[in-house]
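Undergrad: Just so we're aligned, residue 107 is where the first sequence starts under my numbering, counting upward by one. Can you keep this structure in mind? I'll have questions shortly.
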Amino acid sequence: MIDNTYNFNRIWSILQKEYPHPDPALHYNNVLELLVATILSAQCTDAHVNKVTESLFRKYRNVEEFAGADPDELEKEVYSTGFYRNKAKNIRKSSQIIISDFNSRVPDTMEDLLTLPGVARKTANIVLARGYGVMGGIAVDTHVKRLSKRLGLTEHTDPVKIERDLMALSRQEDWEDLSMTLILHGRRVCPARRPRCTECMVNELCPSNSNESS
DNA sequence: ATCCCGAGGG
DNA sequence: CCCTCTGGAT
Numbered sequence: 107m108i109d110n111t112y113n114f115n116r117i118w119s120i121l122q123k124e125y126p127h128p129d130p131a132l133h134y135n136n137v138l139e140l141l142v143a144t145i146l147s148a149q150c151t152d153a154h155v156n157k158v159t160e161s162l163f164r165k166y167r168n169v170e171e172f173a174g175a176d177p178d179e180l181e182k183e184v185y186s187t188g189f190y191r192n193k194a195k196n197i198r199k200s201s202q203i204i205i206s207d208f209n210s211r212v213p214d215t216m217e218d219l220l221t222l223p224g225v226a227r228k229t230a231n232i233v234l235a236r237g238y239g240v241m242g243g244i245a246v247d248t249h250v251k252r253l254s255k256r257l258g259l260t261e262h263t264d265p266v267k268i269e270r271d272l273m274a275l276s277r278q279e280d281w282e283d284l285s286m287t288l289i290l291h292g293r294r295v296c297p298a299r300r301p302r303c304t305e306c307m308v309n310e311l312c313p314s315n316s317n318e319s320s
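As structure tokens, then:
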């Protein structure tokens, strides 16, 4: 891998000042709700997930109620987040597995979390970090993937390899904020479609900068 | 590589 | 109309 630690440090320093409090955007009151909200966030905006979970969490209050939910009713609740059949099925089945295999408690290890349907590395990393304070890795979603590539922090497209590159570049204490900061910057300044490079505070350091050079 | 899938923006 | 949104399973 290219030694771009120096460039990363400069970029990270600027982004940290720009986004001093990269607060998580999903709303939840416990680890189970965090898990459910994160499953729902696949290919869907966080704001929309929050709108759906507001009534969802009022209707289903614990893992037993999610596990015993009527499939059609649950589908209707999560309908607007897209992929509603898969998401409803995964939430129900994961809840059943949590009851049968993990004493009704959301697992706190990567290995156990990955046994839940609808839960892969990205979702597991978020549950571990925000739910249990375990920093085992970096959540790589569509924003982190896109920004990492544009900023020259990785040459890979495979999320696992991107995660490894980011972990090598950054300090462990920054992992959670790094993921959230890239997401915020991606939403506000560097979206997939039309990146606004002229407004970007790290454009001088960005290999993908599309500003007209004067 | 492909499918799941509605909502919102340009 | 088109593309994208805090992915995951086959």
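Even for Gly, the Cβ is constructed at its ideal location relative to N, Cα and C. Fair warning: this is a prediction, and the values are worked out from it, not measured in the lab.
1) State the start and end residues of the unbroken alpha helix (DSSP H) segment that holds L288.
2) Taking the alpha carbon of R299 as the reference point, which residue from L259, H249 and V266 has its own alpha carbon closest?
3) Hey, how far is the Cα of S320 from the Cα of T144?
4) Where are the alpha helix (DSSP H) runs, 4 residues long or more, that stay fully inside the segment 202-276, in chain order?
5) Taking the Cβ atom as the reference point for each residue, do A194 and P177 lie within a distance shorter than 8 Å?
6) Which same chain residues end up closer than 7 Å to S147 when comparing Cβ atoms and leaving out the 5 residues on each side of it in sequence?
7) Only counting the same chain, and skipping five residues up and downstream in sequence, which positions put a Cβ closer than 6 Å to that of E282?
8) Whose C-beta lies closer than 8 Å to the C-beta of K251 among residues of the same chain, with five residues either side of it excluded?
9) Assess, as a yes-or-no matter, whether the segment 197-204 is touched by the segment 108-119 under the definition of 3 or more beta carbon pairs within less than 8 Å.
10) Under 8 Å by Cβ, that's how I've got L253 and C296 pegged, so tell me the actual separation to the nearest angstrom.
TA: This is what the structure gives:
1) It spans W281 to R294 - the alpha helix (DSSP H) in which L288 sits, taken as one unbroken run.
2) When each option's Cα is compared against that of R299, the closest is H249.
3) Any reading at S320 needs caution, since the residue's pLDDT is 36, under 50, leaving its predicted position unreliable; the model's value is listed next. Between S320 and T144, the C-alpha separation is close to 44 Å.
4) As far as the segment 202-276 is concerned, its whole alpha helix (DSSP H) runs of at least 4 residues are 216-219, 227-232, 248-256 and 265-275.
5) Yes. Within cutoff.
6) Counting only residues of its own chain and dropping the five nearest sequence neighbours on each side, S147 has a CB closer than 7 Å to the CB of L132 and V155.
7) Only A235 meet the Cβ criterion.
8) The residues are T263, P265 and I268.
9) Three or more Cβ pairs closer than 8 Å define a contact, and the segment 108-119 falls short of that threshold against the segment 197-204.
10) With 8 Å as the limit, L253 and C296 qualify as a contact, their Cβ atoms being about 6 Å apart.
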